[in-house]
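The structure appears right after this line, and notes come after that.
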Amino acid sequence: MALLIETGMTDWISDDDIANKIRKMHPEADVRTPDTIGDVSEITMVAVVGLRNDHPKRLPNLKLVQKLGAGVETIVSNPNLPDHVRIARLKPDAPAQGIAEWFVAYILHRQRNMAFHEAAQRKSEWLPKAPGFSPDTVVGVLGLGHIGARSARMLRAVGFQVVGWSRSPKEIEGVTCLHGDGALPEVLGQCDHVCAILPSTPQTIGLFNADMLAAMKPGSQLLNAGRGDLIDESALIEALDRGTPGHAVLDVTNKEPLPSDSPLWTHPGVTITPHVSGWHLGEALADVGENFHRLSTDAPLLHEVDRARGY
């Protein structure tokens, strides 16, 4: 049995770095990379950012796909993945912390009029402008799983009023939690900032269409660090032109990398970051090695995905 690390990425942590960290934590593990793959029939687990269509065909004895992150929709929907192959995701603290920090950073950037003051400085203008007052500012967090709950708590600690929304009931101390489809427009209508950290499911794809965007508070800010397919991007541009919402910060987009001719790049109401909010894996690589050990010993996996539910 062998574990293959194959992220398919050149602008993130290298395959060798990941493999070496796992080898250090699990010296007994047979950990390989594309450069040291050897006999492919020995590969029983692959750790990926995204599963390529040829992975199942190349790896005839594959038993587990380990996502190096949280979102697994493209793996679950891969038509070439046999039904018996299991899927696991990560629930690490480091990217949850990073995404929460990303939300806080861009909310404070708008709250404290940073772009306004930077522009005034470039013109040598002294222009005082009152910042927002955190206790009077309502921030919504859509999706109250591991990352969303962490974000809600951090935003509450800063001093914002925080309203959380999820499909099923949740409880977070200091956070007003609402649930169900009918409650979502109510949440959107009262929030000055809306932080989306929803998974990609049939229920969330295109959820932020023209009608849902129109339910937002005029001048509010929409921040998306979940999945790009949550937002109808054409509808978003039209909504921004009307001022509802007033601004959008997107760490994820429908197509990544975002095409150079996308109007999102140049729209004055849009800020783009290139999927960097949850950059670090931190201690989560230990879970990759642990799942390889558990697969080898027929023990229950960490964070196994229900393929029928999609998460």
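According to our numbering, the stretch in the sequence shown is residues 11 to 321, in order.
Just so you know, even glycine gets a beta-carbon here, dropped at the ideal spot from N, CA and C.
Span separating the alpha-carbon of residue i from that of residue j
i	j	result
Gly-190	Asp-45	48 Å
Asp-297	Thr-43	18 Å
Cys-201	Ser-87	34 Å
Pro-228	Glu-181	28 Å
Lys-265	Thr-307	39 Å
Glu-128	Ala-80	36 Å
Val-56	His-65	9 Å
Ser-244	Pro-255	14 Å
His-303	Glu-183	36 Å
His-177	Met-226	Per the sequence shown, residue 177 should be read as Arg rather than His. The straight-line gap from Cα to Cα measures roughly 18 Å.
Asp-103	Ser-144	26 Å
Arg-163	Ala-206	15 Å
Gln-131	Arg-99	45 Å
Tyr-116	Leu-232	10 Å
Phe-126	Lys-139	9 Å
Residue i - partner residues in DSSP beta bridges
i	result
Cys-205	Val-151, Leu-233
Arg-42	Leu-14
Gln-188	Per the sequence shown, the amino acid found at residue 188 is Leu instead of Gln. Paired residue(s): Trp-175.
Arg-96	Leu-74
Phe-218	Ile-241
Buried versus exposed, by CB contacts within 10 Å (16 or more), residue i
i	result
Lys-77	buried
Ser-161	buried
Phe-218	buried
Asn-2	In the structure as shown, the chain starts at 11 and stops at 321, and residue 2 therefore has no counterpart that could be examined.
Leu-137	exposed
Asp-146	exposed
Ala-39	buried
Glu-293	exposed
Phe-170	buried
Thr-20	exposed
Among the options, nearest to residue i - alpha-carbon criterion
i	options	result
Val-172	Ser-210, Ile-241, Phe-113	Phe-113
Thr-276	His-257, Gly-288, His-290	His-257
Gly-279	Gly-253, Ile-32, Ser-270	Gly-253
Thr-17	Gly-184, Gly-60, His-36, Met-124	Gly-60
Cys-187	Asn-234, Gly-238, Phe-170, Gly-153	Gly-153
Gln-121	Gly-299, Leu-305, His-203	His-203
Ala-193	Gly-150, Gly-169, Asn-234, Thr-211	Gly-150
Val-168	Arg-132, Asp-239, Glu-111, Val-95	Glu-111
Ala-29	Asp-21, Thr-20, Leu-14	Leu-14
Beta carbon proximity, residue i to chain D, threshold 9 Å
i	result
Leu-312	Within the model displayed, chain D is absent; a lone protein chain is all it includes.
beta-carbon residue i near the ligand SAM non-hydrogen atom, thresh 8 Å
i	result
Asn-301	Here there are no bound small molecules, and the ligand SAM is not part of this structure.
Residue i - DSSP class collapsed to helix/strand/coil
i	result
Glu-16	coil
Lys-77	strand
Ala-106	helix
Ile-28	helix
His-290	coil
His-36	coil
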